[in-house]
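Undergrad: Residues -30 to -1, 1 to 289 in mature numbering (1 follows the signal peptide of the UniProt record, and there is no 0) are what the sequence shown spells out, letter by letter.
We treat Cβ as the ideally placed atom computed from N, Cα and C, and that holds for glycine.
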Amino acid sequence: MHRLRRTLTAVLSLVGLTAAGLVAAAPAHAAVFQTYGTGVNVRADAFLSSAVVRTLSGPTSIDVDCQKEGDLVTVSGGSSRWWAHVPALGGYVTVAYVAIPEDKLPGVPVCGGGDPEPPTGDITLADVQAMFGSRIANPALVETGLPSLNQAMRDAQINTPYRKAAFLATLVHESRLEYNIREIGDTRPYGGRGYIQLTGDFNYGPAGQYFGIDLLGNPDLAMSLQWSAPIARWYWTVARNINPFADQLNMGKVNAAIGYPAGAEDQRRCDSFANAIRYLTGSVPGGIVCTRSKAYAGDTSKLTRAQFDALGKVGGGLG
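See the structure below:
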C-alpha cells in the first residue's frame, strides 16, 4: 500500500536522528532505517498483544538485524504485517511506522531464516485423528488449515500438553477443526464462523479492530484461511484469557469462557480434553474439572473480558 505519511526514506536515518536513550551499539550486520510519528511502541514480539518494552517519543533511527511477520498494523500512512527487530531496543517495531514506501523492509532477512522447517511439536493430521477420531470429518480440509492453526498456537503460547488439549478439544467441538465452517442453519449476519465459531457483533467488531480488518462489513473473513486461526488465537488470549484454565485442568472454566450455557456438552468436551491429554502425555492426570460453579453456569458469550474475569471473584466452587 502507498504510505502518505512516509515521506521520509531510509536514507534520512543516516543523518543521525535518534530517540533519547538509544545508546546500545548496533550489530555489524544491521540495516539502518528511520521511524516517523510519536508514541510508537516497541513490543516484546511481533504481536499487538505482546508487552510494550518501551515507547519512542519521536522519529528515531533504528538498527534492524531481521524482520518477522506478525499482526497487521494499519495507520494513516499504510499497513504492514512485518515487524523490525531492533536489538538495541530489545524488541520489535511495526514496519507501518518505518519511513519507507514498502510494506516489508528491503534487504533485511527474516528472523530465523526465510523458510524454516515446521517447529517440532506442531500438531499433525495424524495427531488430531488419534485424539478425536470420527470428529475429524474432513481430513483434507483439516490438514490444509493446520499450518495456520499451529502458527496461531505458537503465537498464543499454547505450547504445553494441557493447553494444546484444551484448545484443540474446544475447536473440534466448535468447528471439527475446519477453518471455513459456518454454523449450520445460522443466517444471522454475525453468526458462528471459523475455527472458534466467532459469534455476535460484540466479537466481530473488536476482533476486526484488533487485526485491522473490517469484520463487521465482511464477516466471512472470519472463516477464511488467512484469518480463521488468528481470530481463534485472539479470542483465546485477548477476548478471554483461557490458558490459565487449561493449566489448572479446569475445562469447566474453559467451556464457560467459550460462551454457552452449562449442560451435557460440557462433559463431551471434557472427555475430548482427556483423550487429547492421554495422547499427548501417555496418561490422564487426576484433578480434571468438568463442571462449573453457579457463577459460570449461564451463557457468558456477551460478557466483556473484564465482566467474565469478575465472575471468578464471585461464588467459588469447582468451576
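According to DSSP, simplified to helix, strand and coil, what is Leu250?
TA: Translated into positions along the sequence shown, residue 250 becomes position 280. Helix at Leu250.
Undergrad: Please list, in chain order, all residues of the same chain as Asp279 whose beta carbon is under 6 angstroms from its beta carbon, the five residues on each side excluded.
TA: The residue labelled residue 279 in the question sits at position 309 within the sequence shown. Result list for Asp279: empty, nothing under 6 angstroms.
Undergrad: Measure the C-alpha to C-alpha separation of Ala(-3) and Tyr62 and round it to an integer number of angstroms.
TA: Locating residue -3 in the sequence shown gives position 28, counting from the first residue. Locating residue 62 in the sequence shown gives position 92, counting from the first residue. Residue placement at Ala(-3) cannot be trusted, given a pLDDT of 41 that sits under 50; what the coordinates show is reported in the next sentence. Computed Cα separation, rounded: 18 angstroms.
Undergrad: So is Thr274 buried or exposed if we call it buried at 16+ other beta carbons inside 10 Å?
TA: For the purposes of this step, residue 274 is identified with residue 304 of the sequence shown, where counting begins at 1. Looking at its Cβ environment, which holds fewer than 16 other Cβ atoms inside 10 Å, Thr274 is exposed.
Undergrad: Helix, strand or coil: which one does DSSP assign to Gly82?
TA: Counting from 1 along the sequence shown, the entry for residue 82 is found at position 112. Looking at Gly82 - three-state DSSP - the assignment turns out to be coil, as it is neither helix nor strand.
Undergrad: Is Leu147 buried or exposed, if buried means 16 or more other CB atoms sit within 10 Å of its CB?
TA: Position 177 of the sequence shown, counting from 1, holds the residue named residue 147. It is buried - the Cβ of Leu147 has at least 16 other Cβ atoms within 10 Å.
Undergrad: For Val1, name the three-state secondary structure that DSSP assigns.
TA: The residue given as residue 1 occupies position 31 in the sequence shown. The amino acid occupying residue 1 in the given sequence is Ala; Val does not appear at that position. Ala1 falls in the strand class under three-state DSSP.
Undergrad: Quick one: using the 10 Å Cβ neighbour count with 16 as the cut-off for buried, is Ile154 buried or exposed?
TA: Sequence index remark: in the sequence shown, residue 154 carries index 184 (1-based). By the 10 Å Cβ count, Ile154 comes out exposed.
Undergrad: Following the continuous alpha helix (DSSP H) through Leu95, name the residue where it begins and the one where it ends.
TA: As a working mapping, residue 95 is identified with position 125 in the sequence shown. Its alpha helix (DSSP H) spans residues Leu95 to Phe102.
Undergrad: Using only the alpha-carbon positions, how far apart do Ser118 and Leu195 sit?
TA: Along the sequence shown, one-based indexing puts residue 118 at 148. Along the sequence shown, one-based indexing puts residue 195 at 225. Cα to Cα, Ser118 sits roughly 8 angstroms from Leu195.
Undergrad: Return the chain-ordered list of same chain residues with a C-beta closer than 6 angstroms to the C-beta of Thr251, the five sequence neighbours on each side being excluded.
TA: Translated into the one-based positions of the sequence shown, residue 251 becomes position 281. Excluding sequence neighbours, Thr251 sits near Pro131.
Undergrad: Classify Asp35 as helix, strand or coil using the three-state DSSP reduction.
TA: The residue you call residue 35 lines up with position 65 of the sequence shown. If DSSP states are grouped into helix, strand and coil, Asp35 belongs with coil.
Undergrad: Which residue or residues does DSSP assign as beta-bridge partners of Tyr62?
TA: The residue given as residue 62 occupies position 92 in the sequence shown. Its beta-bridge partners are Arg13 and His55.
Undergrad: By DSSP, does residue 375 sit in helix, in strand, or in coil?
TA: No information on residue 375 is available, as it lies outside the stretch -30 to 289 that the chain covers here.
Undergrad: Cα separation between Asp184 and Ala276?
TA: Mapped onto the sequence shown, residue 184 falls at position 214. Mapped onto the sequence shown, residue 276 falls at position 306. One C-alpha to the other measures close to 24 angstroms.
Undergrad: From Val22 to Val208, what distance separates their C-alpha atoms?
TA: Translated into the one-based positions of the sequence shown, residue 22 becomes position 52. Translated into the one-based positions of the sequence shown, residue 208 becomes position 238. Their Cα atoms are separated by approximately 15 angstroms.
Undergrad: Between the segment 159 to 175 and the segment 259 to 269, do three or more beta carbon pairs fall short of 8 angstroms?
TA: No contact exists between the segment 159 to 175 and the segment 259 to 269.
Undergrad: Does the segment 130 to 145 come close enough to the segment 243 to 259 to have 3 or more Cβ pairs within less than 8 angstroms?
TA: Cβ pair count under 8 angstroms is three or more, so yes.
Undergrad: Is Ala126 near Arg203, with beta carbons less than 7 angstroms apart?
TA: In the sequence shown, counting from the first residue as 1, residue 126 sits at position 156. In the sequence shown, counting from the first residue as 1, residue 203 sits at position 233. It is a contact, given that the beta carbons lie within the stated cut-off.
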